[in-house]
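To start, the structure under review is shown below, and the notes come after it.
Chains as they are written, first to last, in the working numbering: chain A, 74 to 148; chain B, 206 to 747.
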């Protein structure tokens with residue numbers, strides 16, 4: 074049965090999701106910045122790891138900050 | 206054959222992080238699973254942004270991505286019909302008109318609605334056919350994944366089947382539907398973030414949209430212009446087949462009655478959130494062609510093996526996406542793209558397994574085998590069914606490996622089971638004179654009509670269609686018609702259900718609720734907006 078006590082009882086998905094995406098962002102960013110450059114011959118000499126790492130880090134931290142500040146506001 | 210893609214340690218790190226996070230999420234949900242409703246329906250407590258993305262992702266599985274990129278390489282923009290007319294009207298209809306009946310009656314599954322509206326026999330027929338179909342689909346997902354990994358990574362079929370099966374088993378076993386839904390949301394982001402780099406680099410390579418248009422046949426950029434007759438377009442289907450077969454029957458049959466997707470909306474925290482689930486999902490749905498149609502077109506423009514030469518060999522379209530990865534993605538984003546695919550494979554399988562164990566536990570086991578047991582018994586049953594479901598899926602994975610075109614096979618299954626079902630629901634929800642036995646006989650007749658059409662008429666050579674796809678679309682249409690007519694006719698000769706038993710289940714016998722919410726929270730607002738966007742897109746890409 075659904076009672077007021079057990080409603081909304083799951084943890085916030087934004088936290089694992091934000092963590093995963095931020096982690097990917099950091100990995101790609103570091104690999105793009107410090108890894109070998111020869112692999113970008115495939116991608117028309119665009120360092121796509123660096124660009125995409127930054128994008129993912131932004132998306133990931135956005136989730137984490139919404140989860141963190143949203144929770145504080147609710148209290 | 207040597208693998209076309211070589212992953213390095215960064216790619217494996219990305220892949221491993223995904224596997225770890227899904228298991229952690231699944232395991233962390235374990236302590237919340239106290240009742241069977243927690244396990245099968247997420248305690249009806251999820252917000253609509255989560256259920257919407259899961260609703261969409263449940264359908265954005267293995268076949269969807271690879272098959273639709275293949276379709277786009279083969280047919281061009283015609284593929285958008287699967288995302289626009291073949292999905293949006295049905296999703297809007299579900300949200301605005303059908304969700305109130307599903308959610309307010311507190312039914313726990315689609316077959317359970319059939320039991321309340323019609324009778325036990327109708328529920329049984331639907332529950333059993335759904336259970337079979339779900340496991341077939343699950344097997345298809347596994348096979349597709351294993352094949353992909355064999356091609357790309359050089360892993361054997363068996364080892365990738367076992368790896369994915371074990372991961373899915375762990376997280377569904379602990380977290381049930383919530384695990385499935387959470388993983389679908391994670392998958393939603395991974396598939397977008399994983400595929401956008403190939404769109405970006407590919408468009409760069411071809412010289413933007415303008416360059417792409419120059420390098421593919423002109424008909425590849427129009428959704429409707431070449432649909433006048435079946436012989437004018439590569440898909441071999443005319444506009445009527447697309448509108449009534451795909452847009453009406455197959456799409457409504459799938460989006461409004463397939464428990465796999467409806468279950469996501471049922472997990473919402475309240476009726477308004479349940480109604481918003483398919484409506485909000487319709488917007489990202491309309492954008493999915495960006496990550497499937499564009500890579501397909503890019504493959505035709507950039508890769509020599511997809512140039513169609515008259516008299517030459519037919520290209521292997523199912524490999525289009527992978528070959529694009531192999532040619533244009535460096536390690537790093539390559540691992541991300543593969544992880545996006547892996548995520549869509551796994552969550553597709555998990556979705557099937559959770560839908561299967563819900564229907565099995567509530568509608569088959571709990572209704573025919575062991576009735577009225579304490580709730581804890583059914584919770585335990587659900588967990589063990591997960592194990593059985595995964596094992597049976599592994600078996601079906603090997604069966605489907607003998608079918609050449611996965612996408613057509615999927616359409617074939619839909620048209621046997623789902624297409625007639627929509628007639629049964631439409632009459633049941635909107636015509637109170639429909640009788641219990643009419644529901645059963647109508648549904649059975651519809652399924653048999655589809656099978657008869659396929660095996661006797663089409664494969665027996667009695668009727669001819671310009672293409673396999675046209676045959677599927679028209680078969681769905683005729684199955685729907687047979688179900689509709691038989692249900693109406695039988696209703697005149699069998700006993701009606703008392704009206705007080707139909708309150709809440711049928712339109713006209715259900716009191717209307719008035720909400721004081723502001724307009725942007727109202728389902729009707731989202732429905733109208735979504736429809737307007739869809740019409741605009743169809744005009745732009747006419």
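Using N, Cα and C, we set each Cβ at its ideal position, and we do this for glycine too.
From a predicted model like this one, the values you see are computed outputs, not experimental measurements.
Residue from the options whose Cα sits closest to the Cα of residue i
i	options	result
residue 203 of chain B	B:216, B:319, B:696, B:344	Within the shown structure, residues of chain B are numbered from 206 to 747, placing residue 203 of chain B beyond reach of any answer.
residue 298 of chain B	B:472, B:486, B:265	B:486
residue 257 of chain B	B:228, B:231, B:393	B:393
residue 371 of chain B	B:231, B:533, B:699, B:251	B:231
residue 249 of chain B	B:399, B:479, B:448, B:492	B:479
residue 551 of chain B	B:673, B:318, B:350	B:350
residue 687 of chain B	B:726, B:656, B:243	B:656
residue 214 of chain B	A:108, A:134, A:131	A:108
residue 279 of chain B	B:242, B:417, B:698, B:523	B:523
residue 367 of chain B	B:538, B:597, B:737	B:597
residue 268 of chain B	B:554, B:642, B:292	B:554
residue 676 of chain B	B:442, B:593, B:726	B:442
residue 245 of chain B	B:700, B:589, B:726	B:589
residue 471 of chain B	B:383, B:735, B:503, B:546	B:383
residue 639 of chain B	B:593, B:624, B:701	B:701
Residues of its chain near residue i, where Cβ-Cβ distance is below 6 Å and the 5 sequence neighbours each way are ignored
i	result
residue 141 of chain A	none
residue 341 of chain B	601
residue 339 of chain B	557, 560, 561
residue 567 of chain B	313, 314
residue 361 of chain B	none
residue 465 of chain B	263, 556, 560
residue 373 of chain B	551, 554, 555
Continuous alpha helix (DSSP H) stretch holding residue i: start and end
i	result
residue 282 of chain B	Looking at the DSSP string, residue 282 of chain B is not in any alpha helix (DSSP H), and its letter there is neither H nor E.
residue 320 of chain B	315-322
residue 379 of chain B	362-411
residue 660 of chain B	Note, residue 660 of chain B: premise wrong, no alpha helix (DSSP H); not H, not E.
residue 490 of chain B	476-492
residue 531 of chain B	525-533
residue 454 of chain B	Where residue 454 of chain B is concerned, there is no enclosing alpha helix (DSSP H), given that its DSSP letter is neither H nor E.
residue 98 of chain A	87-107
residue 249 of chain B	Segment: none, residue 249 of chain B is in no alpha helix (DSSP H) and carries neither H nor E.
residue 469 of chain B	464-471
residue 350 of chain B	325-358
residue 681 of chain B	673-696
residue 554 of chain B	538-563
residue 149 of chain B	Outside the displayed range of chain B (206 to 747) lies residue 149 of chain B, so it cannot be described from this structure.
residue 604 of chain B	580-605
Anticipated Cβ contact below 8 Å, residue i with residue j, distance rounded
i	j	result
residue 353 of chain B	residue 527 of chain B	7 Å
residue 389 of chain B	residue 263 of chain B	6 Å
residue 425 of chain B	residue 281 of chain B	3 Å
residue 462 of chain B	residue 630 of chain B	5 Å
residue 219 of chain B	residue 544 of chain B	5 Å
residue 273 of chain B	residue 490 of chain B	That belief does not hold up - the Cβ atoms of residue 273 of chain B and residue 490 of chain B are roughly 12 Å apart, past 8 Å.
residue 253 of chain B	residue 481 of chain B	4 Å
residue 235 of chain B	residue 329 of chain B	Not confirmed; about 32 Å, so no contact.
residue 421 of chain B	residue 513 of chain B	Between residue 513 of chain B and residue 421 of chain B the Cβ distance is about 11 Å, and since that is not below 8 Å, they are no contact.
residue 378 of chain B	residue 591 of chain B	5 Å
Pair within 8 Å by beta-carbon distance, residue i and residue j
i	j	result
residue 113 of chain A	residue 483 of chain B	no
residue 346 of chain B	residue 497 of chain B	no
residue 537 of chain B	residue 217 of chain B	no
residue 93 of chain A	residue 127 of chain A	no
residue 308 of chain B	residue 318 of chain B	no
residue 119 of chain A	residue 406 of chain B	yes
residue 564 of chain B	residue 632 of chain B	no
residue 740 of chain B	residue 494 of chain B	no
residue 452 of chain B	residue 316 of chain B	no
residue 599 of chain B	residue 376 of chain B	no
residue 637 of chain B	residue 707 of chain B	yes
residue 323 of chain B	residue 635 of chain B	no
residue 713 of chain B	residue 301 of chain B	no
Cutoff 8 Å; reference residue i; Cβ partners in own chain excluding five residues on either side
i	result
residue 449 of chain B	678, 682
residue 542 of chain B	399, 400, 402, 403, 530, 534
residue 723 of chain B	none
residue 747 of chain B	427, 428, 429, 430
Cβ-based neighbour list, residue i, same chain, cut-off 7 Å, excluding 5 preceding and 5 following
i	result
residue 548 of chain B	223, 391, 392, 395, 396
residue 627 of chain B	454, 457, 458, 461, 462, 685
residue 669 of chain B	none
residue 446 of chain B	675, 678, 679
residue 106 of chain A	123
residue 583 of chain B	241, 566, 571
residue 650 of chain B	687, 688, 691
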